[in-house]
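Asks: Heads up: take any position in the sequence shown, counting from 1, add 46, and you land on the working numbering.
Positions of the beta carbon are idealized from the N, C-alpha and C atoms, including for glycine.
This is the structure I want to talk about, given as structure tokens.
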Amino acid sequence: MVRIRVLVVDDHRIFAESLAAALAAEPDVDVFAAGSGPAALRSLERAAAEGRRYDVLLVDADLGGRPPGVRPAVPVREVGEDGLVDGLSLVAGVRAAQPHVRIVVLAEKDDPRRAALALQAGASGWVAKDCSLSRLLTVVRGVLREETHLPPALLTGVLKELTAARKHRTESERLVESLTPREREVLRCMVAGLGRKAVAERLFLSPHTVRTHMQNVLGKLGVHSTLAAVALARRAGVGPAEPGQALTGDVVERGGQLA
């Protein structure tokens, strides 16, 4: 019998332990519980090191206690330039680090927008916390067959959200393409969370030159703040600049100053 290794990630201890106990009664399921994002990552890393990888993660949509759009509460060093993520960001981080793991999000209520965000982050399913055990097992076994599971009532709303997100992404990509190579490099530094001085050091530019580039970036993207620019860049698929990565723009020395 092929056994399914499941990790429940929920900071509500009673719920996590109750769900784990119910799943453990299944003859083909090995289940463990983690009470936070960092605990889940430690468990994933330990299992991988021991050659006992998890197959499915069941992640609380509200892990950390704060909704999307607010600074996440759970510290996770693997994800995000600021080292912090919420439940859905944990989904993206795990999928990036261990793409073989299938992830199902457990939610208190149906929410088309958040369900769409979960799918975009890499989740394979979205189920209500109060669904039946048989339904949850169907989802767990289904995602291992590369299926995507959503409640029927959410399908129309999620499709609308995904269509809108695709439209926004196309528009964002067009705006990013209007930037010069140097401006795109500055934008990637902004996505990495670097301030003006750090960007200047990273690109060997003067702070004044970086300020000009940043103003040009905001103007071309049609936004009024760095946060808005970063959000648009992420929609367009722009990733953060990596330390030591080759620069995309030419560095030209002018009058003893790099520009």
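1. Below 8 angstroms on the Cβ atoms is my guess for valine 284 versus valine 245; work out the distance and round it to an integer in Å.
2. Shortest alpha-carbon distance to leucine 233 belongs to which of Leu163, Val263 and Ala169?
3. Assuming serine 82 contacts aspartate 108 under a Cβ cut-off of 8 angstroms, what Cβ separation, rounded to an integer in Å, is found between them?
4. Can you give the beta carbon distance from serine 64 to phenylalanine 78, rounded, assuming they're within the 8 angstroms contact cut?
5. Using 8 angstroms as the threshold, is the stretch 142-151 in touch with the stretch 166-173, meaning 3 or more CB pairs across them?
6. Since I believe arginine 92 is in contact with arginine 51 (beta carbons under 8 angstroms), could you give me their beta-carbon distance rounded to a whole number of angstroms?
7. Taking Cβ to Cβ, would you say glutamate 139 is nearer than 8 angstroms to glycine 110?
8. Between the C-alpha atoms of leucine 104 and valine 222, what's the straight-line distance to the nearest angstrom?
9. Taking the beta strand (DSSP E) that glycine 171 falls in, what are its first and last residues?
10. Quick check: the Cα distance between valine 54 and valine 48, rounded to an integer number of angstroms?
11. For the candidate residues Thr209, Glu193 and His195, whose alpha-carbon lies nearest to that of arginine 159?
12. According to DSSP, what are the bridge partners of leucine 53?
13. Taking DSSP as the reference, what is the three-state secondary structure of leucine 278?
14. Can you give me the C-alpha to C-alpha distance between valine 122 and alanine 85, rounded to a whole angstrom?
15. Flag this pair as yes or no: are the beta carbons of serine 218 and alanine 275 separated by less than 8 angstroms?
16. Helix or strand or just coil, what does DSSP make of histidine 195?
17. Counting C-beta neighbours from all protein chains within 10 Å, is the total for leucine 196 16 or more, i.e. buried, or is it exposed?
18. What number of angstroms, rounded off, separates the C-alpha of alanine 94 from the C-alpha of leucine 87?
19. I'd like to confirm the pairing. Which residues does DSSP put opposite isoleucine 149 in its beta bridges?
20. What do you reckon, are the CB atoms on leucine 240 and arginine 248 nearer than 8 angstroms?
21. Using three-state DSSP, classify valine 186 as helix, strand or coil.
22. What is the DSSP secondary structure of phenylalanine 250, counted as helix, strand or coil?
Replies: Let me spell this out:
1. Going by Cβ atoms, the distance from valine 284 to valine 245 rounds to 15 angstroms, so no, they are not a contact pair.
2. Per the Cα distances, Val263.
3. A Cβ-Cβ distance of about 12 angstroms is found for the pair serine 82 and aspartate 108, leaving them out of contact under the 8 angstroms criterion.
4. Actually they do not touch by this definition, with Cβ atoms about 14 angstroms apart.
5. yes
6. Not a contact, Cβ separation roughly 12 angstroms.
7. The residue you asked about is not glutamate; residue 139 is glycine in the sequence shown. No.
8. 36 angstroms
9. 171-174
10. C-alpha separation (whole angstroms): 19 angstroms.
11. Check the Cα spacing between arginine 159 and each of Thr209, Glu193 and His195: the tightest is with Thr209.
12. Looking at the DSSP assignment, leucine 53 forms a beta bridge with Phe78 and Leu103.
13. helix
14. For valine 122, the predicted model reports a pLDDT of 36, less than 50, meaning its position is unreliable and no value from the coordinates is stated.
15. Not in contact: serine 218 and alanine 275 (Cβ atoms no closer than 8 angstroms).
16. strand
17. buried
18. 10 angstroms
19. Partner(s): Leu103.
20. yes
21. helix
22. coil
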